[in-house]
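**Student:** Protein chains in written order, with the working numbering: chain A, 1 to 265; chain B, 1001 to 1259. Below is one structure. I have some questions about it.
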């Protein structure tokens, strides 16, 4: 007990306490207990747009990464020992590299004079460069690249526990590939899917760098909105409201994960 | 046969999407021109060299290094005993303590940064550097506890019991028997903590004042003002640094076992 106490006290005092005070600030206006901050926040059209956009992008990124993740994880699990380790290493590698560097690359690719636009113009598909940067598409691509490895890792580790014979058994018994996926693979790997999905979804909801670089003030998400409210408007009530929304969503996702982990063991 | 090619195609496309952008960054940084373009206008190393002469990059690199090294060491000093207590003893409120220590992973960093700025730096006169140091320590702590716990769980506890029976003190048994056996885990925790802290952006966002900036924050504000290839060059250098660290760690520690 005494050994674990310093770590717990340190985190509780220097981390949880300030965050709790910040959250409580959203419930007090001019020193009085009130829900007005939430009402004001919810009735502002910009905030509604940003909130829905954040949820939409999070869900879209999680869904797309699940599709790519299944295809990729299935192929990786079927590789031979040595090349499997190597490919898996390459998938994990981007997680160790600065997200700023990872996101910056997309400016070079998607910008006005970027690779994509150069190709479009030289192929004659459009006379002028089209706007990709500072759109939801750009943010979506950036987030997908940032979080896809988490999904692949989760799916690979849950597919490794899948007995090889069940797929051939289903095939022999006449199932086509679509049925094999929906009736055999999906039910047996749903823990991995939920785990990867939660990581990707909460990661996208709380992303700052990607929407800041690739979305700018045109495509605000909850975190960039929070930053703007504080830095531009000194509006700590809205900041507290956004913080509460983010924390509630993250903790809910984590509870879900814990429940699954418990049910498994 | 057909499956083999489909499989290669799927893996190839995914890896191109995940890693391709880095290759582009590396090449864009090699440009001889003054603006970011791809393919680069001519080849030169001037932007890679320029990175080392920008004062603000040097200052922010030093700060980030300081935070990553000492924040992680502080997290290990707090975290190793905690991991030991959690994995060896059935302590009261064990679950609560675990939840508290793990919280910094779940709470979004931007909120932490704002909270520390408003309630530690402004009213209590903490310096920004101190607040950054505390925030980075708290952030790395959960990783330290998790990785070290995992390697303690793989270590049989009868060895330390034997040492104690033979007359060693508890502390002595920990230092002489346990620590040498979990040093791989502690080192892996250090590397993971270092990389996490060094790349950290959201926590430092509000906690950066004039003259006190971590490297990623400095890069963010630099790229808002200028569009020259130096940020690409710096990004490429940082990516290389991470790759080398992870490669060495994998080779000598089997790093991925711990992550």
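We put the CB at the ideal spot given by N, CA and C, even for glycine. Model, not experiment: these values are computed from the prediction.
Helix, strand or coil for residue 189 of chain A, going by three-state DSSP, please let me know.
**Tutor:** Secondary structure of residue 189 of chain A (DSSP, three-state): coil.
**Student:** In chain B, what lies closer than 7 angstroms to residue 27 of chain A by C-beta?
**Tutor:** By Cβ distance, chain B contributes nothing, its closest Cβ being about 15 angstroms from residue 27 of chain A, past 7 angstroms.
**Student:** Okay, do the stretch 1209 to 1220 of chain B and the stretch 120 to 127 of chain A touch, 3+ Cβ pairs below 8 angstroms being the bar?
**Tutor:** No, the stretch 1209 to 1220 of chain B is not in contact with the stretch 120 to 127 of chain A.
**Student:** Could you list which residues in chain A have their beta carbon closer than 8 angstroms to that of residue 1231 of chain B, in chain order?
**Tutor:** 104
**Student:** Assuming residue 15 of chain A is part of the alpha helix (DSSP H), what are its boundary residues?
**Tutor:** That residue, residue 15 of chain A, is in no alpha helix (DSSP H); it is neither H nor E in DSSP.
**Student:** Tell me whether residue 1188 of chain B is buried or exposed, calling it buried when 16 or more other Cβ atoms sit within 10 Å of its Cβ.
**Tutor:** Around the beta-carbon of residue 1188 of chain B, 16 or more other beta-carbon atoms lie within 10 Å, marking it buried.
**Student:** Does the beta-carbon of residue 83 of chain A have 16 or more other beta-carbons within 10 angstroms, so that it is buried, or is it exposed?
**Tutor:** exposed
**Student:** Going by other Cβ atoms of all chains shown within 10 Å of its Cβ, with 16 needed for buried, is residue 145 of chain A buried or exposed?
**Tutor:** buried
**Student:** Pull out every residue of the stretch 10 to 21 of chain A whose Cβ sits closer than 9 angstroms to any Cβ of chain B, in chain order.
**Tutor:** 10, 11, 12, 14, 15, 16, 17, 18, 19, 20, 21
**Student:** Below 7 angstroms CB to CB, which residues in the same chain sit around residue 1052 of chain B once its five sequence neighbours on both sides are set aside?
**Tutor:** Nothing listed; no residue qualifies.
**Student:** Looking at the secondary structure, which residues open and close the alpha helix (DSSP H) in which residue 1016 of chain B lies?
**Tutor:** 1002 to 1028
**Student:** State the start and end residues of the unbroken alpha helix (DSSP H) segment that holds residue 47 of chain A.
**Tutor:** 45 to 77
**Student:** Within 8 angstroms (strictly less), CB to CB, does residue 6 of chain A reach chain B?
**Tutor:** yes
**Student:** Per DSSP, residue 29 of chain A forms a beta bridge with which residues?
**Tutor:** In the DSSP output, where bridge partners are listed per residue, residue 29 of chain A has A/32.
**Student:** Compare the C-beta of residue 1017 of chain B with all C-beta atoms of chain A and state if any pair is closer than 8 angstroms.
**Tutor:** Yes, because at least one Cβ of chain A sits closer than 8 angstroms to the Cβ of residue 1017 of chain B.
**Student:** Per DSSP, what kind of secondary structure is residue 1201 of chain B in: helix, strand or coil?
**Tutor:** coil
**Student:** Can you tell me which residues form a DSSP beta bridge with residue 1212 of chain B?
**Tutor:** B/1209
**Student:** Quick one: what's residue 1043 of chain B bridged to in DSSP?
**Tutor:** B/1031
**Student:** Rounded to a whole number of angstroms, what is the C-alpha to C-alpha distance between residue 1086 of chain B and residue 1149 of chain B?
**Tutor:** 8 angstroms
**Student:** Check the C-beta distance from residue 149 of chain A over to residue 95 of chain A and give it rounded, since I have them as a contact under 8 angstroms.
**Tutor:** Taking a contact as a CB-CB distance under 8 angstroms, the pair residue 149 of chain A and residue 95 of chain A counts as one, their CB atoms being some 5 angstroms apart.
**Student:** Please list, in chain order, the chain A residues whose beta carbon lies closer than 9 angstroms to that of residue 1118 of chain B.
**Tutor:** 18, 21, 22, 25, 236
**Student:** Any residues in the stretch 179 to 204 of chain A with a beta carbon nearer than 9 angstroms to a beta carbon of chain B? Which ones, in chain order?
**Tutor:** 202
**Student:** Looking at residue 1197 of chain B and residue 1234 of chain B, is the spacing between their C-beta atoms short of 8 angstroms?
**Tutor:** no
**Student:** Quick one, are the C-beta atoms of residue 108 of chain A and residue 1038 of chain B less than 8 angstroms apart?
**Tutor:** yes
**Student:** Could you tell me whether the Cβ of residue 1025 of chain B comes closer than 8 angstroms to any Cβ of chain A?
**Tutor:** yes
**Student:** What residue does the alpha helix (DSSP H) around residue 1158 of chain B start on, and which one ends it?
**Tutor:** First-last of the alpha helix (DSSP H) with residue 1158 of chain B: 1158 to 1165.
**Student:** Assuming residue 268 of chain A contacts residue 61 of chain A under a Cβ cut-off of 8 angstroms, what Cβ separation, rounded to an integer in Å, is found between them?
**Tutor:** Outside the shown range of chain A, which is 1 to 265, sits residue 268 of chain A, and nothing can be said about it.
**Student:** Determine contact between the stretch 1111 to 1125 of chain B and the stretch 17 to 26 of chain A, defined as no fewer than three beta-carbon pairs at a distance below 8 angstroms.
**Tutor:** yes
**Student:** Taking residue 177 of chain A and residue 1021 of chain B to be in contact with their CB atoms under 8 angstroms, please state how far apart those CB atoms are, rounded to whole angstroms.
**Tutor:** About 32 angstroms separates the two Cβ atoms, so there is no contact after all.
**Student:** Please say whether residue 244 of chain A and residue 223 of chain A have beta carbons closer to each other than 8 angstroms?
**Tutor:** The answer is no: Cβ separation not under 8 angstroms.
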